[in-house]
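The structure appears right after this line, and notes come after that.
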Amino acid sequence: MKHFTQFENITTASALIDQALKFKENPRINQALGQGKRLGLIFLNPSLRTRVSTQIAASNLGIESIVLNMDKESWALEMHDGALMNKNTVEHIKDAAAVLGSYFDMLAIRAFPSLTNKGEDSDDFTLKQFIKYAKLPVVSLESAIRHPLQSLADMITIRENLSTKSKPKVVLTWAPHIKAIPHAVANSFAEWSIGCGYDLTIAHPEGYELDERFTQGAHITHNQDEALADADFVYVKNWSAFHEYGKIIHVNQPWLLTEEKLKNSPQAKVMHCLPVRRNLELSDEILDSPRSLVQEQANNRIYAAQAVLKHIIS
Ligand code: CP
-1 MKHFTQFENI TTASALIDQA LKFKENPRIN QALGQGKRLG LIFLNPSLRT
49 RVSTQIAASN LGIESIVLNM DKESWALEMH DGALMNKNTV EHIKDAAAVL
99 GSYFDMLAIR AFPSLTNKGE DSDDFTLKQF IKYAKLPVVS LESAIRHPLQ
149 SLADMITIRE NLSTKSKPKV VLTWAPHIKA IPHAVANSFA EWSIGCGYDL
199 TIAHPEGYEL DERFTQGAHI THNQDEALAD ADFVYVKNWS AFHEYGKIIH
249 VNQPWLLTEE KLKNSPQAKV MHCLPVRRNL ELSDEILDSP RSLVQEQANN
299 RIYAAQAVLK HIIS
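Counting from 1, position 94 in the sequence shown corresponds to residue 92 in the working numbering; the numbering is continuous, with no gaps.
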């Protein structure tokens, strides 16, 4: 594995989950492995969990990490090849990524979508420009269309909480929000759940269909109650419309997940990637109950990142 940007196959995913669970038992077991290696963490957008968990993961492996908040602390980047740079952009990605490539052994990039240019977002244009010009192994810290480190942490969390059922019912349910939110977490969760062989149901209001590249193999419904019945894991997430790209479509029915809605799935564990808007996306009663796995998911971000970094430097 040279880059870590998406689900590859079940063999790689299982190996990463196994490795992450070993690191969770003994985080510093490979402290010498990364001696002399340097990781650049490049953020074009805000982060709490991804930034800190990846730094801790690097430290556990003896890797030096340096964070660059490119959105606030660096030059405005021109992403388009052949551009006449006579407006606001100051440095071309071709030059900046090449410089970063000479400073580091690996790069990790967070680059959200524009939610206005569907073509470029769908092609993961910004992430691909970094990969093209840095010429180093690149880890996605969430791109325009995927959040693979989050999904790996989610798969670790599901593995840890599996009952004896061989095929748990996993549900991804849309939640309300006041802003236009990217599709990356939902896309990736679908991609990894289906890839790991889980029985995935996606529930969302009409108009909130996701990109079919990520949802083939899932059962898709507009009926949240039907989706939630007998669920083992319920992943709550908002996303904006994909077909009416980046739009918020008004929804009449209440989609906030509450205890009442889980009355037919007493065993269901509830997941969310965080940050969460309490009582808008998910109720306090669920987030603060034993059903909630959200803190465990956030904790597992460390071991997910550590397993990926080990895989790349090995
Ligand atoms: N879940 C997640 O990626 O959190 P941050 O945006 O805070 O990194």
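Here a beta-carbon is modelled for each residue, glycine too, at the ideal position from N, C-alpha and C.
Could you have a look at LYS167 and say whether DSSP puts it in helix, strand or coil? strand
Can you have a look at ALA81 and say buried or exposed, based on whether 16 or more other CB atoms are within 10 angstroms of its CB? exposed
Can you find a heavy atom of the ligand CP that lies under 8 Å from the Cβ of THR48? yes
Quick one: does the C-beta of PRO44 sit closer than 8 Å to a heavy atom of the ligand CP? yes
Closer than 8 Å to a non-hydrogen atom of the ligand CP - does that hold for the CB of ARG144? no
Residue burial classification, VAL234 (beta-carbon count within 10 angstroms, cutoff 16): buried
Excluding sequence positions up to five away, which residues of its chain have a Cβ less than 6 Å from the Cβ of GLU258? none
If you follow the beta strand (DSSP E) that LEU39 is part of, which residue opens it and which one closes it? 36 to 41
Under a Cβ-count criterion, where at least 16 other Cβ atoms within 10 Å of its own Cβ denotes burial, should SER12 be classed as buried or exposed? Counting other Cβ atoms within 10 Å of its Cβ, SER12 stays below 16 and is therefore classed as exposed.
Cβ-heavy atom distance, VAL249 to the ligand CP, below 8 Å: no
Is the separation between the beta-carbon of ILE200 and that of VAL169 shorter than 9 Å? yes
Would you check if the distance between the CB atom of ALA227 and the CB atom of SER191 is smaller than 9 Å? no
Could you check how far apart the C-beta atoms of ASN236 and ILE143 are, in whole angstroms? I think they sit under 8 Å. No, ASN236 and ILE143 are not in contact; Cβ-Cβ is about 16 Å, not under 8 Å.
DSSP beta-bridge partners for ARG47? In DSSP, ARG47 forms no bridge with anything.
Does the stretch 109 to 121 come within contact of the stretch 132 to 150, defined as at least 3 CB pairs closer than 8 Å? yes
Under a Cβ-count criterion, where at least 16 other Cβ atoms within 10 Å of its own Cβ denotes burial, should ILE284 be classed as buried or exposed? buried
My output table needs one value for THR219: the three-state DSSP class, helix, strand or coil. Correct three-state label for THR219: strand.
Quick check on this structure: which residue in GLY205, GLN265 and VAL232 has the alpha carbon closest to the alpha carbon of ASN250? GLY205
Let me confirm a value: PRO146 is counted as buried when at least 16 other C-beta atoms fall within 10 Å, else exposed. Which label applies? buried
Quick one: is THR162 buried, meaning 16 or more other Cβ sit within 10 Å of its Cβ, or exposed? THR162 is exposed by the Cβ-count criterion.
Does the beta-carbon distance from ASN298 to THR87 come in below 9 Å? no
Could you give the DSSP three-state label for ILE91: helix, strand or coil? helix
For SER51, which residues in the same chain have their Cβ closer than 7 Å to its Cβ, ignoring the five residues on either side in sequence? ARG299, ILE300 and ALA303
GLN295: buried (16+ other C-beta within 10 angstroms of its C-beta) or exposed? buried
Verify the contact flag: GLU279, CB atom, against every heavy atom of the ligand CP, threshold strictly below 8 Å. no
Go through the stretch 239 to 305 residue by residue and report every complete run of the alpha helix (DSSP H) that reaches 4 residues or more, in order. 282 to 285
Alpha helix (DSSP H) runs wholly inside the stretch 62 to 120, at least 4 long, in chain order: 68 to 71, 91 to 101 and 116 to 120
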